[in-house]
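S.K.: In order, the protein sequence lines correspond to chains Y and E.
Residue numbering for the first sequence follows the numbering used here, beginning at 17 and increasing consecutively.
Residue numbering for the second sequence follows the numbering used here, beginning at 4 and increasing consecutively.
One structure, as structure tokens, below. Some questions next.
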Amino acid sequence: MVIPASVRAAIAEHARRELPNEACGLLLLDGDEAVEYVPGENASPSPYYFELRLDPVMWADIGDRDLEQAVLHSHVSSAPRPSRTDVERIGLWRGRPYVIYSVRLDELAAWRIGDGQIESVPLRDGAPA
Amino acid sequence: MTVVRIPPTLRGDVGGARQVEATGATVREVLDDLVERHPALGAQILADGGVAPFVNVYLGGEDVRTLDGLDTEVPDGETVILLPAMAGGSSRPWSPAVASSLLDLVGQTPLVELPRLSPKPTVTIYAKLEGQNPTGSVKDRVAKAMIEAAEASGELQPGRALLEPTSGNTGISLALVASLKGYPLTCVMPENATEERKRLLRLYGAEVVLSPAAEGSNGAVRLALEMAESDPRWFVPFQYANAANPRAHYEGTGAEIAAALDRVDVLVAGLGTGGTLMGAGERLRETFPDIVVAAAEPLPGDPVMGLRSLDDGYVPPILDVSRLDRKVLVSNEESVAAVRDLLRLEGIFGGVSAGAAVHVARRLAGELDEGVVVAILADGGWKYLSADFWEAPTHDVEESMESTVWW
């Protein structure tokens, strides 16, 4: 997955703005490249928990664009690796790209979670090779 | 006719369509009609007579859970939007910052790593700090569960009073729960129980009835049962035979550990009533089938404080020893050495039974090449301050512990 510097900066900025709580939003992907970050609202504001809320009409409209959606959320201090809570709450997002940003480590990591299995998805920053 | 907008995550169940049609006057009727037309959607969007946990249903921009749920009326021409719910978070359990009752703060105790007590770097020992419950011990879970189970069954109603043979943590926990719920509590204990225990129970609002010192803890049980037989006002929770005791550990202690850790190879807890080992052991075995459930048991005739509250040979009805994988005998001396190490090396001020659990955890950790050991530390050391064992030479410890009935 490619996350260009501008998208990464938008994610980091949103995650810092939400401190001390976790931030969440949608990352829109064209193929394997992230093209837009849509900041969401954390409906259960907490340093250890998030519940993604977006305007439902806007979210349904996003669903009609030909883009893949990845859930993004921040971990305030722990590593950007899916926690047990993340795995248990994966629900309908099973098998889809799942991106975590660690605010303390300033690190992004992408995963796919399915049936208790966690698979790492390699990330590139989109700079010319 | 109602238009239902389908998110990409569910389009595979409706032949790839972005939106489909359904009819109905309420959200329930619309979703039922939708499932009839697209059966594969059923399990994804409906569960247990309501909206499935991982789906949100919106009408007019509002989540129907905040309206009238499935009974929300759907005006003709309105659009229903289905969206995949998303929640998660870093590994620490979420809990509200403000509780409406102290009883809501029972359980959800922290797990902390004990790196300085682990015999090898490839084996991680975690301690579950039950001393962080409201009255400072694991028994808060048991007291709350026993009283609430009796209320739910109708056995305990206003006007009845609680009676329990205990001079230990269970009495203090019952005293807290009883006082917040408005039941009088009487604890029966041997007359040579320590002054601090009698005082603590009275401060929490319990009455104290003394049984003959010579009969020990069994005398307290005998007297409590006699009192209960002679007066139907008494309700005796009797933790040794109360199924709510292991259930509190199945639903609480064990479930919390299973949610917090990705791997557990050994669970160690002190063997008293057997409630912790039976309940937490059973819950953890469901998640980690190869787990070793190990009991730290006092040596016969060696009353490790907090573990042996009834006489040698008594098998509590809730204890099924066939479900213990290991039973490790621990002497007073070993328990005291471990509880001192726990304080000196890890800064944890534990009770004596915590020392017994740590002793066994260290020993079993030494038998593993790698893995994770969890020890349940039932309480803190505060209630044992008048015991000399914190600083005294070992032989004085032995004398001090044998001369007083602590539990």
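Built from N, CA and C at the ideal position, the CB exists for glycine as well.
Since D268/E and G374/E should fall inside the 8 angstroms C-beta cutoff, what is the C-beta to C-beta distance between them, to a whole number of angstroms?
M.R.: 4 angstroms
S.K.: Suppose contacts are defined by Cβ-Cβ distances below 8 angstroms. Is A50/Y in contact with V23/Y by that definition?
M.R.: yes
S.K.: Note down, one range per segment and in chain order, each alpha helix (DSSP H) of at least 4 residues found wholly within the segment 233 to 293 of chain E.
M.R.: 247 to 251, 258 to 263, 278 to 290
S.K.: Is there a C-beta anywhere in chain E that falls below 8 angstroms from the one on Q133/Y?
M.R.: no
S.K.: Which residues in chain E sit within 7 angstroms of D80/Y, going by Cβ to Cβ distance?
M.R.: R21
S.K.: Closest Cβ-Cβ distance between A137/Y and chain E: below 8 angstroms?
M.R.: Sequence check: residue 137/Y is Val here, not Ala. Cβ-Cβ to chain E under 8 angstroms: no for V137/Y.
S.K.: For G350/E, which of R366/E, P320/E, A360/E, G383/E has the nearest alpha-carbon?
M.R.: G383/E
S.K.: If we call anything under 8 angstroms between Cβ atoms a contact, is L332/E one with L302/E?
M.R.: yes
S.K.: Using a beta-carbon distance below 8 angstroms, is W97/E in contact with chain Y?
M.R.: Caution applies to W97/E, whose pLDDT of 41 falls short of 50 and renders its modelled position unreliable; the value that the coordinates give is listed next. So yes, W97/E belongs to the interface.
S.K.: Once DSSP output is grouped into helix, strand and coil, what is the label at F66/Y?
M.R.: F66/Y: strand per DSSP, three-state reduction.
S.K.: V58/E touches chain Y at which residues, Cβ-Cβ below 9 angstroms?
M.R.: G107, L108
S.K.: Can you tell me the Cα-Cα spacing of Y186/E and D344/E, whole angstroms?
M.R.: 40 angstroms
S.K.: Using the C-alpha atoms, what's the distance from L49/E back to D71/E?
M.R.: 16 angstroms
S.K.: Which residues in the same chain have their Cβ closer than 8 angstroms to the Cβ of Y207/E, if we skip the five residues on either side of it in sequence?
M.R.: T138, I175, A178, L179, S182
S.K.: Taking S156/E as part of the alpha helix (DSSP H), name the residues at either end of that continuous run.
M.R.: Where S156/E is concerned, the enclosing alpha helix (DSSP H) stretches over 142 to 156.
S.K.: Pull the bridge partners of P113/Y from the DSSP assignment, please.
M.R.: Per DSSP, R128/Y.
S.K.: Can you name the residues of chain Y whose CB is closer than 7 angstroms to the CB of D16/E?
M.R.: Here the premise fails: no neighbours, minimum Cβ distance about 10 angstroms.
S.K.: Chain Y beta carbons: is any one of them nearer than 8 angstroms to that of Q47/E?
M.R.: yes
S.K.: What separation, rounded to the nearest whole angstrom, lies between the Cα atoms of D66/E and D46/Y?
M.R.: 29 angstroms
S.K.: Could you list which residues in chain C have their beta carbon closer than 7 angstroms to that of V87/Y, in chain order?
M.R.: The structure shown contains no chain C; the protein chains it does contain are Y and E.
S.K.: Leaving aside the five residues before and after G45/E along the sequence, list all residues of the same chain whose C-beta is less than 7 angstroms from its C-beta, in chain order.
M.R.: Within the same chain, V38 come within 7 angstroms of G45/E by CB-CB distance, once the 5 residues on both sides are set aside.
S.K.: Go ahead and label W385/E buried or exposed: buried means 16 or more other beta carbons lie within 10 angstroms of its beta carbon, across all protein chains shown.
M.R.: exposed
S.K.: From the DSSP output, read off the bridge partner residues of A82/Y.
M.R.: For the sequence presented, residue 82/Y should be read as Asp rather than Ala. Answer by DSSP bridge pairing: none, since D82/Y is not bridged.
S.K.: Beta carbon of P161/E, beta carbon of L132/E: below 8 angstroms?
M.R.: Between P161/E and L132/E, the C-beta gap is not smaller than 8 angstroms, which leaves the two residues out of contact.
S.K.: Please list the terminal residues of the continuous beta strand (DSSP E) segment that includes T82/E.
M.R.: T82/E: member of the beta strand (DSSP E) spanning 82 to 87, first to last residue.
S.K.: So, for V126/E: in the same chain, excluding its five sequence neighbours on each side, which residues have a beta-carbon less than 7 angstroms away from its beta-carbon?
M.R.: These residues qualify, in order along the chain: A368, L371, E373, G374, V376.
S.K.: Going by the CB atoms, is the gap between A148/E and N221/E shorter than 8 angstroms?
M.R.: no
S.K.: Confirm, please, whether the CB-CB distance from A272/E to I379/E is below 8 angstroms.
M.R.: In this structure, A272/E lies closer than 8 angstroms to I379/E by Cβ.
S.K.: What residue from Y317/E, G353/E, I260/E has the CA that sits closest to Q111/E's CA?
M.R.: I260/E
S.K.: On the premise that V115/Y lies in contact with L35/Y, defined as a C-beta separation below 8 angstroms, what is that separation, rounded to the nearest angstrom?
M.R.: Not a contact, Cβ separation roughly 18 angstroms.
S.K.: Considering only their Cβ atoms, is the gap separating A152/E from F238/E smaller than 8 angstroms?
M.R.: no
S.K.: Which residues mark the beginning and the end of the beta strand (DSSP E) in which I379/E is found?
M.R.: 374 to 380
S.K.: I need the boundaries of the alpha helix (DSSP H) containing G174/E, first residue and last residue.
M.R.: 172 to 184
S.K.: Per DSSP, what kind of secondary structure is E370/E in: helix, strand or coil?
M.R.: helix
S.K.: By how many angstroms is the C-alpha of N172/E removed from the C-alpha of M411/E?
M.R.: Any answer about residue 411/E is impossible in this case: the structure gives chain E only from 4 up to 410.
S.K.: Are the Cβ atoms of G64/E and V73/Y separated by less than 8 angstroms?
M.R.: Yes.
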